[in-house]
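First residue of the sequence shown? That's 63 in the numbering used here, and the numbers climb one at a time after it.
All residues carry an ideal CB built from backbone N, CA and C; glycine is no exception.
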Amino acid sequence: HSEEPLPDAWYEAFESARQFLDRRLVEKKPLPATLPDGGDPSEVNIFVIGDWGTYPGTGINMGSAWTTAMWNSNCFQGSSSPEAWKKAKAEKLISASEVVKSWGAGYPICGSMHLECSWGKGGVSNSDRCNPDKDWYWRDHFAQQNVATSMTDLAKERKPSFVINTADNFYYAGVKSTQDKLWSMMFEELYPDQSLQIPWLSSLGNHDYGGHTCDVCLFKASGQETRRDKPCSQAMIDYDTEHDWQWPKNKEVRWVLPMKGNDRWYMKSFVFKKANVSLDVFVIDTNKAHISSQCSSSCPARQDCIKFFMQLWERQKAWLLPALEQSKADWK
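Pasting the structure below:
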């Protein structure tokens, strides 16, 4: 994902996409977690996923929030689907060579994994993944949906006990609240199968703190609020309504993120008697390594932001090292 701040046009595209979400989304309660085999399988399988939150509105999940006209305007003619692309080419509205030449400086705005093409990283804009005549381009177009489909197919076969979710859950700038419709669009709708209605042990990445925008719940502006997004990492913590949940109990909400205040870490223990194995999962925050992103010059409380992550790192070390020493689990 990009290290560069987004051009204004990206924010405008995201906001226009949000306005169209009501066309296809229905309000759903968070899906629960029901443990396979009563939480005591004879063989333990654990799934790991990360960086799964695609770009609001522009990335395609179960269906696009954009109209065809919006795709043609923000991205390029015929950019909404392989079928639309073939039609646009047949009508001589555009060619693949024109698209390949157009990538650069954050444009055009096509979302999903096409962001890599927009920024032209490492010469990628000249590769098959940025050429709509190639299959790779359309695999990237449906990136999150493809991963979700493969994950579901494997989950039906393997019956995982839980998911370890290694953050960057919602691009580009997290969620605004527990009621943000991105919860449905980018999580609940994508992984609805019973096989994935299991605990999702989650964590927070730099984009969950707002990316370049910086967290509005943690870092207040001293004057007028100028941030275009309203990312709030606390909303992801609050989406977990059962912070005291312990294995092997079922859970009303499958999302697991029981962090307390500014301490952005936790540990959950798992004992599988039939499989004769125990695990302690330590979830930690490593965003100190990415301060230049979430505490960028666009953050109105930049020094407070830097201080938060530096102090968090020290407190976390003071908790983690003794906790690892004290753990008696077979796997950590």
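- Task: Using beta-carbon positions only, say whether Arg191 and Trp198 come within less than 8 Å of one another.
- Result: Cβ atoms of Arg191 and Trp198: closer than 8 Å.
DSSP beta-bridge partners of Lys313: Bridge partners of Lys313: Ala95.
*Which class does Gln241 belong to by DSSP, given the choice of helix, strand or coil?*
coil
Using the Cβ count rule (16 or more neighbours within 10 Å means buried), how would you classify Gln365?
exposed
Practice task
Would you mind giving the Cβ-Cβ distance between Lys292 and Glu304, rounded to the nearest angstrom? I have them listed as a contact below 8 Å.
Solution key: Between Glu304 and Lys292 the Cβ distance is about 26 Å, and since that is not below 8 Å, they are no contact.
Would you call the CB atoms of Asn349 and Tyr271 closer than 8 Å?
yes
Worksheet item: Name the DSSP beta bridge partners of Val345, please?
Response: Tyr328
Which of helix, strand or coil does DSSP assign to Val162?
helix
Which of helix, strand or coil does DSSP assign to Ser354? helix
For Tyr199, does the three-state DSSP call read helix, strand or coil? DSSP places Tyr199 in helix when its eight states are reduced to three.
Length of the line joining the Cα atoms of Tyr253 and Ile226
14 Å
- Query: Buried or exposed: which applies to Ala95, given that a residue is buried once 16 or more other Cβ atoms fall within 10 Å of its Cβ?
  - Reply: buried
Output the distance between the C-alpha atoms of Val162 and Trp393, rounded to the nearest integer angstrom.
-> 48 Å
| Which two residues bound the contiguous alpha helix (DSSP H) that contains Asn268? | Neither: Asn268 is in no alpha helix (DSSP H) and is coded neither H nor E.
Note to self: Only counting the same chain, and skipping five residues up and downstream in sequence, which positions put a Cβ closer than 6 Å to that of Trp200?
What the structure shows: Pro144
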